[in-house]
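Residues in the sequence shown are numbered from 5 upward in steps of one, following the working numbering. Note that the Cβ used here is the ideal one computed from N, Cα and C, for glycine as well. Keep in mind that this is a model prediction, so the values were computed, not measured. Below is one structure, written out as structure tokens; the observations come after it.
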Amino acid sequence: MMYVSTKLIGCMLMTQLLACGSGSGSGGTKPEPIVNQAPVASDDAANLFKDQQIDIDVLANDTDADKDELSITAVTAIKGGTPSINNNKVLFIAEPGFTGAAQFSYTISDGSKTANASVNITISLSPADKMTELKAQVDSFIADTIANINEQAIDCVTYPEQPQCELVLVKFSDGQFDATKMDPMQTILILDEGFEFSATVRYRSRVKAAFTQLDSGFYQQAEQGSYDPQYNLPKIIKETLQQIDQFSDKDNKKVFIPAAWLAQLKPDIERLYPAQDNYTQYLDHGKMPFLYLLEHNPKAELVIAPIPDFYKQKTELFCQPEIIEMDQTESNLVRLRQYIATIADKFKADIINDQSIDYINYSAGHTLNTVKSRWTKYCKKDLPNEETLQALLGALRPFYEILMNSDNVFSLQSSQINMTMTNNALDIDKSYHNRLLIGDFTTLDSKLTLNGIVENEAPPELYANRDNSKQWIDLFINFGIIETRPFPFNDTPVMNTHPLGLNYLPISNMQPSWATPVALSWAINIKNTHFVDEPLDNNIIEQIKAKMTPELCSYSNWDIADYYGKCKMQDPLLHRQHEVYRLGYLE
5 MMYVSTKLIG CMLMTQLLAC GSGSGSGGTK PEPIVNQAPV ASDDAANLFK DQQIDIDVLA
65 NDTDADKDEL SITAVTAIKG GTPSINNNKV LFIAEPGFTG AAQFSYTISD GSKTANASVN
125 ITISLSPADK MTELKAQVDS FIADTIANIN EQAIDCVTYP EQPQCELVLV KFSDGQFDAT
185 KMDPMQTILI LDEGFEFSAT VRYRSRVKAA FTQLDSGFYQ QAEQGSYDPQ YNLPKIIKET
245 LQQIDQFSDK DNKKVFIPAA WLAQLKPDIE RLYPAQDNYT QYLDHGKMPF LYLLEHNPKA
305 ELVIAPIPDF YKQKTELFCQ PEIIEMDQTE SNLVRLRQYI ATIADKFKAD IINDQSIDYI
365 NYSAGHTLNT VKSRWTKYCK KDLPNEETLQ ALLGALRPFY EILMNSDNVF SLQSSQINMT
425 MTNNALDIDK SYHNRLLIGD FTTLDSKLTL NGIVENEAPP ELYANRDNSK QWIDLFINFG
485 IIETRPFPFN DTPVMNTHPL GLNYLPISNM QPSWATPVAL SWAINIKNTH FVDEPLDNNI
545 IEQIKAKMTP ELCSYSNWDI ADYYGKCKMQ DPLLHRQHEV YRLGYLE
């Protein structure tokens with residue numbers, strides 16, 4: 005007869021037996037012995053550059069249900085390198101020269117049971133190695149191209165009838181913007197003249213959109229109307245330039261090729277296609293800033309448009325500003341301003357907003373002298389009084405507001421020389437919160453630090469026609485050259501790119517228009533160095549401006565009202581503060 009404790013009998017009267025204790029009688033249920041569970045090892049993944057090593061904490065994602073301490077008991081090489089146990093981690097040393105998918109396996113133990121897992125490692129070229137490989141690939145392309153020209157004895161000047169010298173039409177619409185090699189947060193609008201040739205025949209994949217100004221004053225995008233820049237080139241020139249523009253690396257990824265890498269190719273291309281006889285007529289003021297921005301910002305995408313001439317589009321209003329037409333209630337001056345405001349709003353919608361513009365390069369300005377010259381050209385009569393001229397200049401303000409006060413768009417504008425409050429009233433206005441007005445200076449040795457701080461000393465000297473305007477200019481950029489023969493330059497001068505992007509050399513003359521793309525390239529470098537994960541908004545723009553002109557300077561020979569402690573004199577090229585250097589294309 006089985007003995008049953010009184011406690012258990014009592015519990016049986018309860019509705020839930022399991023709610024009761026088992027008691028301590030000799031007839032109670034014995035606890036089952038604890039069975040150790042095996043640990044669980046999970047596969048891992050890691051990334052490594054060629055010829056390097058890495059410590060991998062493989063236990064980080066491995067578990068043990070019994071909370072036993074885990075240890076690595078064995079590692080086995082499979083491919084691409086050698087693993088070893090090191091302080092309960094795995095040290096993996098890549099096989100010399102190996103790239104691709106590497107792998108090893110490992111065993112863990114909780115003291116009695118084990119588990120196995122694998123680690124997959126992607127070994128790739130470092131950025132420096134990739135650049136070396138790409139440079140070698142470009143060198144091979146250059147050698148093959150030159151050899152092909154020589155083997156076929158191609159001479160398009162002496163023998164234009166050769167098949168490779170046949171003229172072929174290259175249209176802007178023939179090419180295509182390639183967003184895959186761009187950064188959509190580096191979209192630059194450049195307003196200038198004379199860059200369509202280079203944009204069409206050499207850098208088409210970098211140009212997001214091209215616009216022209218119609219007779220109506222409104223802007224039209226290429227491929228959406230009659231505007232479509234086009235040029236005749238020898239077949240071999242067209243094909244070679246397109247190969248460069250669409251160059252792919254060994255992973256079949258489209259990449260940027262800097263002009264500095266193509267210098268060896270330039271003599272042969274120029275021999276077949278001399279600039280003077282073929283395309284200098286297509287080049288103008290905008291060539292330099294356009295090419296500078298492309299070459300020094302490898303991930304930037306550009307939108308190009310001409311500087312507007314509103315006076316030309318509405319000469320009937322411009323030349324008779326004080327008249328009120330019979331069917332109108334406002335003067336022609338008021339109507340001119342309204343007309344410009346309408347176009348400015350459309351410009352913002354169709355270009356700044358639709359093209360997602362982040363930065364604007366405006367290497368131009370409008371002055372009272374500009375108004376006078378346009379009046380003489382279009383109106384062909386005596387100049388009006390000073391008040392009317394100033395009012396005509398002020399009529400452009402709606403367009404300036406769009407360029408320089410649009411939210412989340414950073415504008416850089418070139419200054420003028422010998423500026424005055426009367427002649428330059430529009431350009432020196434300090435109400436443009438998202439703009440910097442850029443000036444220039446040059447010296448072979450600026451001695452400026454990374455942030456340009458000068459304490460109780462004289463900064464580099466300005467030319468007299470810049471010095472008299474320094475109170476209005478936000479930032480001066482060093483060119484690092486001497487403008488007289490033999491045109492000496494320092495180790496980090498402002499560079500001028502060949503129109504076909506086949507070389508670049510130190511610039512030989514200085515002007516604020518050329519300083520503006522240098523400053524803009526520096527701004528992009530600051531954004532990508534200090535605010536890489538931040539969207540470009542008004543706050544970030546202010547922080548970038550603060551880094552470009554920190555309020556930490558005391559210039560011993562400047563009036564404080566000319567700079568208010570801001571470090572206006574800067575030498576970003578001395579410190580290689582451009583993306584083309586940060587990304588490793590150039591040293």
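At which residue ranges does the segment 34–112 contain complete beta strand (DSSP E) runs of 3 or more residues, listed in the order of the chain?
48–53, 57–60, 75–83, 85–90 and 93–98
Gly-84 to Ala-105 span [Cα, whole Å]
Numbered from 1 along the sequence shown, position 80 holds the residue referred to as residue 84. Numbered from 1 along the sequence shown, position 101 holds the residue referred to as residue 105. About 7 Å.
Under the DSSP definition of a beta bridge, which residues are partnered with Lys-212?
Indexing the sequence shown from 1 puts residue 212 at position 208. None; Lys-212 has no bridge partner.
Of the choices Glu-546, Leu-372 and Asn-455, whose alpha-carbon is the least far from that of Asp-431?
In the sequence shown, counting from the first residue as 1, residue 431 sits at position 427. Of the candidates Glu-546, Leu-372 and Asn-455, the residue whose Cα lies closest to the Cα of Asp-431 is Leu-372.
Give every residue of the same chain whose Cβ lies closer than 8 Å to the Cβ of Gln-41, excluding the five residues on either side of it in the sequence, and list them in chain order.
Along the sequence shown, one-based indexing puts residue 41 at 37. Within the same chain, Gln-41 has close Cβ partners Asp-68, Ala-69, Asp-70 and Lys-117.
Keeping to the same chain, check which residues put their C-beta closer than 7 Å to that of Ile-89; ignore five residues upstream and five downstream.
The sequence position of residue 89 within the sequence shown is 85, counting from 1. Ile-76 and Val-79.
Taking the alpha-carbon positions, what's the Gly-290 to Gln-250 distance?
Numbered from its first residue, the sequence shown carries residue 290 at position 286. Numbered from its first residue, the sequence shown carries residue 250 at position 246. Going by the C-alpha atoms only, they are around 23 Å apart.
Grouping DSSP H, G and I as helix and E and B as strand, with all else coil, what is Asp-566?
As a working mapping, residue 566 is identified with position 562 in the sequence shown. Residue state, collapsed to three classes: helix.
Same chain only: Cβ atoms within 8 Å of Phe-535, ignoring 5 sequence neighbours per side:
Position 531 of the sequence shown, counting from 1, holds the residue named residue 535. Only Ile-544, Gln-547 and Ile-548 meet the Cβ criterion.
Nearest to Ser-113 by alpha carbon, out of Leu-138, Ala-132 and Asp-66?
The sequence position of residue 113 within the sequence shown is 109, counting from 1. The residue with the shortest Cα to Cα distance from Ser-113 is Asp-66.
Less than 8 Å between the beta carbons of Gly-505 and Leu-266, yes or no?
Indexing the sequence shown from 1 puts residue 505 at position 501. Indexing the sequence shown from 1 puts residue 266 at position 262. Yes.
Please classify Thr-333 as buried or exposed, where buried requires at least 16 other C-beta atoms within 10 Å of its C-beta.
In the sequence shown, the residue the question calls residue 333 occupies position 329. Exposed.
Could you check what DSSP says for Pro-594 in three-state terms: helix, strand or coil?
A query on residue 594 cannot be resolved here, the shown segment of the chain reaching from 5 to 591 and no further.
Taking the beta carbon of Lys-572 as the centre, do at least 16 other beta carbons fall within 10 Å, making it buried, or is it exposed?
Taking the first residue of the sequence shown as position 1, residue 572 is located at position 568. By the Cβ neighbour-count rule, Lys-572 is buried, with 16 or more other Cβ atoms within 10 Å of its own.
I need the DSSP call for Ile-432, collapsed to helix, strand or coil.
If you number the sequence shown from 1, residue 432 lands on position 428. Here Ile-432 sits in coil by DSSP.
Tell me the DSSP bridge mates of Glu-459?
Position 455 of the sequence shown holds residue 459. DSSP lists Ser-558 as partners of Glu-459.
Give the DSSP bridge partners of Phe-493, in chain order.
Here residue 493 is taken as the residue at index 489 of the sequence shown, counted from 1. For Phe-493, which the question treats as bridged, DSSP gives the partners Ile-485.
Going straight from the alpha carbon of Leu-393 to that of Ala-183, what length do you get?
By 1-based counting over the sequence shown, the position of residue 393 is 389. By 1-based counting over the sequence shown, the position of residue 183 is 179. Cα to Cα, the separation comes out at about 45 Å.
Simplified DSSP state of His-582, which is helix, strand or coil:
Sequence index remark: in the sequence shown, residue 582 carries index 578 (1-based). In the structure shown, His-582 sits in coil (DSSP, three-state: anything other than H, G, I, E or B).
Comparing alpha-carbon positions, which option in Ile-82, Arg-210, Lys-93 and Leu-276 lies nearest Gln-246?
Reading the sequence shown from its first residue, position 242 is the one you call residue 246. It is Arg-210.
Hey, Lys-48 and Lys-93 are a contact pair by Cβ (cut 8 Å); roughly how many whole angstroms apart?
Looking up residue 48 in the sequence shown gives position 44. Looking up residue 93 in the sequence shown gives position 89. The residue you asked about is not Lys; residue 48 is Asp in the sequence shown. Contact between Asp-48 and Lys-93 does not hold, since their C-beta atoms are separated by about 11 Å, which reaches or exceeds 8 Å.
Could you pull the DSSP bridge partners for Glu-305 from this structure?
On the sequence shown, position 301 is the one that residue 305 refers to. Bridge partners of Glu-305: Thr-191.
Give a yes or no on contact between the segment 358–369 and the segment 514–524, applying the rule of three or more CB pairs nearer than 8 Å.
yes
Which of helix, strand or coil does DSSP assign to Phe-201?
Translated into positions along the sequence shown, residue 201 becomes position 197. Here Phe-201 sits in helix by DSSP.
Among the candidates Phe-53, Pro-35, Ala-64 and Asn-438, whose CA atom is the shortest distance from the CA of Ser-46?
One-based indexing of the sequence shown puts residue 46 at position 42. Checking every option, the nearest Cα to that of Ser-46 belongs to Ala-64.
Can you tell me which of Lys-318, Thr-284, Lys-134 and Ala-263 puts its alpha carbon nearest to the alpha carbon of Ser-220?
By one-based count along the sequence shown, residue 220 stands at place 216. Answer by Cα proximity: Lys-318.
Cα-Cα separation between Asp-73 and Asp-133, rounded to whole angstroms:
Your numbering for residue 73 matches position 69 in the sequence shown. Your numbering for residue 133 matches position 129 in the sequence shown. It is Glu, not Asp, that sits at residue 73 in the sequence shown. Going by the C-alpha atoms only, they are around 41 Å apart.
Per DSSP, what kind of secondary structure is Met-573 in: helix, strand or coil?
Reading the sequence shown from its first residue, position 569 is the one you call residue 573. Three-state result, Met-573: strand.
Which class does Asp-272 belong to by DSSP, given the choice of helix, strand or coil?
Against the sequence shown, residue 272 aligns to sequence position 268. Shown here, Asp-272 sits in a helix according to DSSP, grouped into three states.
Does the beta-carbon distance from Leu-479 to Gln-417 come in below 8 Å?
Start at 1 with the first residue of the sequence shown, and residue 479 comes out as number 475. Start at 1 with the first residue of the sequence shown, and residue 417 comes out as number 413. No, these two residues do not count as a Cβ contact at 8 Å.
With distances taken between CB atoms, is the gap from Glu-591 to Lys-570 smaller than 8 Å?
Position 587 of the sequence shown, counted from the start, is the residue given in the question as residue 591. Position 566 of the sequence shown, counted from the start, is the residue given in the question as residue 570. Against a cut-off of 8 Å, the Cβ pair of Lys-570 and Glu-591 comes out as no contact.
Cβ-based neighbour list, Val-307, same chain, cut-off 8 Å, excluding 5 preceding and 5 following
Position 303 of the sequence shown, counted from the first residue, corresponds to residue 307. So the qualifying residues of the chain are Thr-191, Ile-192, Leu-193, Ile-194, Val-211, Lys-212, Ala-213, Ala-214, Phe-215, Ile-355, Gln-359 and Ile-361.
Pull up the CB-CB distance for Leu-400 and Ile-344, whole angstroms please, since I reckon it's below 8 Å.
Locating residue 400 in the sequence shown gives position 396, where the first residue counts as 1. Locating residue 344 in the sequence shown gives position 340, where the first residue counts as 1. 6 Å between Cβ atoms; contact.
Test item: CB-CB of Asn-542 and Gln-581 under 8 Å
On the sequence shown, residue 542 is found 538 positions in, with the first residue counted as 1. On the sequence shown, residue 581 is found 577 positions in, with the first residue counted as 1. Contact flag unset, no.
Does Val-8 come out as helix, strand or coil in the three-state DSSP assignment?
In the sequence shown, residue 8 corresponds to position 4, counting from 1. For Val-8, the predicted model reports a pLDDT of 41, less than 50, meaning its position is unreliable and no value from the coordinates is stated.
Please report the distance separating the alpha-carbon of Ile-564 from that of Leu-321.
By 1-based counting over the sequence shown, the position of residue 564 is 560. By 1-based counting over the sequence shown, the position of residue 321 is 317. If you take the alpha carbons of Ile-564 and Leu-321, they lie about 43 Å apart.
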